[in-house]
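There are 6 protein chains.
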Amino acid sequence: MLAASGIALADDKPAIKGPPVPSLITGTPEEGFALAVKLSQKGVVFTQADAKVRSGLRGQYANDPNSLIAVSHVVAVHFQTVAAANNYWRK
Amino acid sequence: MLAASGIALADDKPAIKGPPVPSLITGTPEEGFALAVKLSQKGVVFTQADAKVRSGLRGQYANDPNSLIAVSHVVAVHFQTVAAANNYWRK
Amino acid sequence: MLAASGIALADDKPAIKGPPVPSLITGTPEEGFALAVKLSQKGVVFTQADAKVRSGLRGQYANDPNSLIAVSHVVAVHFQTVAAANNYWRK
Amino acid sequence: MLAASGIALADDKPAIKGPPVPSLITGTPEEGFALAVKLSQKGVVFTQADAKVRSGLRGQYANDPNSLIAVSHVVAVHFQTVAAANNYWRK
Amino acid sequence: MLAASGIALADDKPAIKGPPVPSLITGTPEEGFALAVKLSQKGVVFTQADAKVRSGLRGQYANDPNSLIAVSHVVAVHFQTVAAANNYWRK
Amino acid sequence: MLAASGIALADDKPAIKGPPVPSLITGTPEEGFALAVKLSQKGVVFTQADAKVRSGLRGQYANDPNSLIAVSHVVAVHFQTVAAANNYWRK
């Protein structure tokens with residue numbers, strides 16, 4: 001993000017990274033939550049495209065309560081967006 | 001989340017983790033708050049699926065004021081989403 | 001939250017904790033702010049149910065500017081929710 | 001907030017603290033911003049009611065860039081609430 | 001913010017600080033982003049009015065990735081407010 | 001941001017920095033996500049205009065899980081704004 005690898009800071013179309021996001025519309029809140037997790041991961045992939053580096057970091061954050069809480073916070077923001085997109089899956 | 005265990009970064013359906021979320025609609029703000037807590041936990045379970053590891057971390061975060069404040073922050077974001085979903089339980 | 005004491009991660013009704021939240025509707029912004037503080041505390045109580053532990057931590061966070069700022073941040077998120085619930089107490 | 005001094009965690013009306021907030025409606029964005037700052041301070045006063053303690057902490061946070069950025073973040077959340085309350089002061 | 005210099009915690013009109021914000025309405029997203037940056041700075045000026053102190057801190061935060069990310073986060077919250085104020089500059 | 005290089009704190013038009021943002025409207029969620037990343041970077045460029053400094057910092061944040069999570073959080077806030085601008089790309 002500061003000088004994200006690969007993404008030119010000029011006005012061309014930045015290389016699209018991570019799993020594509022075809023739509024924000026999901027059938028259930030459960031699928032909406034899984035999409036929110038995917039979007040959170042995508043935000044990391046855009047900044048650190050090297051899957052080996054990312055896997056190497058897992059030992060740190062997956063055993064650090066503050067990192068786990070921070071991840072849950074990012075998921076909460078994306079879930080708020082996805083829930084609004086799906087009109088909160090109201091019947 | 002960086003390289004969440006189990007969740008393929010490809011575009012297949014990520015394994016749905018943690019307690020399922022059937023609906024965001026609740027009868028009262030009190031139940032809405034409990035759902036917000038559950039969603040916050042779900043965000044952690046998605047990243048650290050090992051219940052034993054999570055329990056092992058409790059000693060750290062449950063006695064650290066900054067961790068407790070950070071947890072409350074995640075709950076606040078999810079509660080904002082659940083409250084909007086329920087039209088703020090207006091009569 | 002990671003393995004919140006008492007709250008089963010299964011899909012049963014989590015034990016409702018802390019002061020009950022009967023409604024988000026308040027008469028004035030002032031009461032709305034007090035409710036936002038109460039909701040922030042409730043988020044902590046859900047994770048650390050032991051009042052003695054919480055009181056014991058006060059010496060740390062109540063004299064740490066960054067903790068106090070973080071608390072104010074959680075209150076701000078809840079106040080945003082309560083203000084929207086009350087249509088911003090517009091006359 | 002964890003065990004906020006003075007605020008009973010029971011369901012009685014918490015003591016209202018800090019400068020009262022009569023209304024979220026302001027004449028201009030400038031006044032709205034000043035109100036957002038006041039609300040941010042109020043969130044601190046609710047947790048640390050002792051003005052002498054708060055003043056004593058100023059030397060720490062007012063010279064720490066990360067604390068100053070964190071304060072600005074809380075003001076931004078409250079300003080978002082106040083701006084919505086005033087329909088963004090649209091003519 | 002905890003005991004912001006100059007701002008009385010009583011209910012009088014707090015001294016208005018930093019560059020005035022005449023309006024949230026801008027012609028383009030680009031100008032809206034610049035306004036969001038200005039609002040972020042204003043939140044700092046309200047807490048640390050001394051320009052010399054603020055400049056003296058630049059060496060710390062402008063070379064600290066986490067501070068730069070935290071600044072970008074505050075700008076993102078203000079940009080969300082300004083974008084909503086301008087109905088997302090939809091044609 | 002505290003004393004952002006180049007940006008006068010007076011009320012003149014701050015120098016517009018980083019890749020221009022012509023519009024928030026995108027064809028797909030995927031392009032919306034790429035725009036959210038670009039806006040996150042823009043928030044950094046406004047504060048640290050020196051591309052060499054930014055690149056020099058990459059080694060720190062791109063290998064720090066907490067920095068990567070914090071970046072993803074900023075992207076999530078901007079994506080929430082861009083998604084609302086595009087009415088969640090509902091068909």
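Residue numbers (full-length UniProt numbering), protein chains in the order written: chain A, 1 to 91; chain B, 1 to 91; chain C, 1 to 91; chain D, 1 to 91; chain E, 1 to 91; chain F, 1 to 91.
Even glycine gets a Cβ: it sits at the ideal position worked out from N, Cα and C.
Given the structure is predicted, the values throughout are model-derived calculations rather than measurements.
(request) Can you give me the start and stop residues for the alpha helix (DSSP H) that A84/E sits inside? (result) Position 84 of the fifth sequence, counted from the start, is the residue given in the question as residue 84/E. That run of the alpha helix (DSSP H) goes P65 to A85.
(message) For the structure I just gave you, are there three or more beta carbon pairs, one from the region 44-54 of chain F and one from the region 46-58 of chain A, closer than 8 Å?
(response) no
(request) Take the Cβ of N86/A as the centre, count every other Cβ of all protein chains shown within 10 Å, and call the residue buried at 16 or more, exposed below. (result) The residue you call residue 86/A lines up with position 86 of the first sequence. That one is buried.
(message) Please classify K91/B as buried or exposed, where buried requires at least 16 neighbouring CB atoms within 10 angstroms.
(response) On the second sequence, position 91 is the one that residue 91/B refers to. By the neighbour-count rule (16 or more Cβ atoms within 10 Å), K91/B is not buried but exposed.
(message) Under 7 Å, Cβ to Cβ, is there at least one residue of chain D near R71/C?
(response) As a first step, residue 71/C must be located in the third sequence, where it is residue number 71. Strictly speaking, residue 71/C in this sequence is Val, with Arg absent from that position. Yes, V71/C counts as interfacial toward chain D.
(request) Note down the Cα distance separating V37/C from A62/C, rounded to an integer number of angstroms. (result) For this step, residue 37/C is matched to residue 37 along the third sequence. For this step, residue 62/C is matched to residue 62 along the third sequence. Roughly 15 Å separates the two Cα atoms.
(request) Give the residues of chain F in contact with V37/A, contact being defined as C-beta atoms less than 8 Å apart. (result) Indexing the first sequence from 1 puts residue 37/A at position 37. Residues of chain F passing the Cβ test: none, with the nearest at roughly 11 Å.
(request) Measure the alpha-carbon distance for Q41/C versus V71/C and round it to whole angstroms. (result) For the purposes of this step, residue 41/C is taken as residue 41 along the third sequence, with counting starting at 1. For the purposes of this step, residue 71/C is taken as residue 71 along the third sequence, with counting starting at 1. Whole-angstrom Cα-Cα distance: 9 Å.
(request) Using a Cβ cut-off of 9 Å, pull out every chain D residue sitting near Y61/E, in sequence order please. (result) Numbered from 1 along the fifth sequence, position 61 holds the residue referred to as residue 61/E. Here the neighbours are P65, N66, L68 and I69.
(request) Step through the CB atoms of chain D and report whether any lies within less than 7 Å of the CB of V75/C. (result) Looking up residue 75/C in the third sequence gives position 75. Chain D contact via Cβ: present.
(message) Quick check on the DSSP output: the alpha helix (DSSP H) that includes R90/E runs from which residue to which?
(response) For the purposes of this step, residue 90/E is taken as residue 90 along the fifth sequence, with counting starting at 1. That residue, R90/E, is in no alpha helix (DSSP H); it is neither H nor E in DSSP.
(message) Which of the three DSSP states is assigned to K52/C in this structure?
(response) Locating residue 52/C in the third sequence gives position 52, where the first residue counts as 1. If DSSP states are grouped into helix, strand and coil, K52/C belongs with the helices.
(message) Any contact between the region 25-37 of chain D and the region 18-33 of chain C? By contact I mean 3 or more CB pairs, one from each, below 8 Å.
(response) no
(message) If you measure between the beta carbons of T81/B and Q60/A, is that distance less than 7 Å?
(response) On the second sequence, position 81 is the one that residue 81/B refers to. On the first sequence, position 60 is the one that residue 60/A refers to. Not in contact: T81/B and Q60/A (Cβ atoms no closer than 7 Å).
(request) Quick one: using the 10 Å Cβ neighbour count with 16 as the cut-off for buried, is P65/D buried or exposed? (result) In the fourth sequence, the residue the question calls residue 65/D occupies position 65. P65/D is buried by the Cβ-count criterion.
(request) Enumerate in chain order the residues of its own chain whose CB-to-CB distance from Y88/E is below 6 Å, with the five nearest sequence positions on each side excluded. (result) Reading the fifth sequence from its first residue, position 88 is the one you call residue 88/E. None.
(request) Kindly indicate which residue of G43/E, M1/E, G32/E and V75/E has the alpha-carbon position closest to the one of S23/F. (result) If you number the sixth sequence from 1, residue 23/F lands on position 23. Residue G32/E is the option with its Cα nearest to S23/F.
(message) Tell me the rounded alpha-carbon separation between P20/D and G43/D.
(response) Within the fourth sequence, the letter at position 20 stands for residue 20/D. Within the fourth sequence, the letter at position 43 stands for residue 43/D. Distance between the alpha carbons of P20/D and G43/D is about 12 Å.
(request) Starting from A36/D, follow the alpha helix (DSSP H) in both directions and report where the run begins and ends. (result) By 1-based counting over the fourth sequence, the position of residue 36/D is 36. Counting along the chain, the alpha helix (DSSP H) containing A36/D begins and ends at P29 to V45.
(message) Do V77/E and A84/D have their beta-carbon atoms positioned less than 7 Å apart in this structure?
(response) Mapped onto the fourth sequence, residue 84/D falls at position 84. Mapped onto the fifth sequence, residue 77/E falls at position 77. No, the Cβ-Cβ distance between A84/D and V77/E is not below 7 Å.
(request) In angstroms with no decimal places, state the Cα-to-Cα distance between S67/E and K17/B. (result) Here residue 67/E refers to the residue found at position 67 of the fifth sequence. Here residue 17/B refers to the residue found at position 17 of the second sequence. For S67/E and K17/B, the distance between alpha carbons rounds to 33 Å.
(message) Under 7 Å, Cβ to Cβ, is there at least one residue of chain C near V45/D?
(response) Within the fourth sequence, residue 45/D is the residue found at index 45, counting from 1. It does not; no Cβ of chain C falls within 7 Å.
(request) Give the secondary structure of L57/F by DSSP, where H, G and I count as helix, E and B as strand, and everything else as coil. (result) Stepping through the sixth sequence from its first residue, residue 57/F is reached at position 57. If DSSP states are grouped into helix, strand and coil, L57/F belongs with the helices.
(message) Looking only at its chain, what residues have a beta carbon closer than 8 Å to the beta carbon of M1/E, apart from the 5 residues adjacent to it on each side?
(response) The residue given as residue 1/E occupies position 1 in the fifth sequence. If we look at M1/E and ignore the five residues flanking it on each side, its Cβ neighbours are F46 and T47.
(message) Can you check whether the C-beta of residue 138/A is within less than 7 Å of a C-beta belonging to chain F?
(response) It is not possible to answer for residue 138/A, since the shown part of chain A is limited to 1 through 91.
(request) Would you verify that the beta carbon of A34/D is, or is not, closer than 7 Å to some beta carbon of chain C? (result) Within the fourth sequence, residue 34/D is the residue found at index 34, counting from 1. A34/D does not count as touching chain C.
(request) Using a cut-off of 7 Å between C-beta atoms, extract the partners of S40/D located in chain E. (result) Working through the fourth sequence from its first residue, we reach residue 40/D at position 40. Within chain E, the residues near S40/D are M1.
(message) Does the CB of A49/D have a neighbour CB from chain C at under 7 Å?
(response) By one-based count along the fourth sequence, residue 49/D stands at place 49. No, no contact with chain C.
(request) Could you work out which residues of chain A lie near A83/F, taking near to mean beta carbons separated by less than 7 Å? (result) In the sixth sequence, counting from the first residue as 1, residue 83/F sits at position 83. The contacting residues are L24, T81 and A85.
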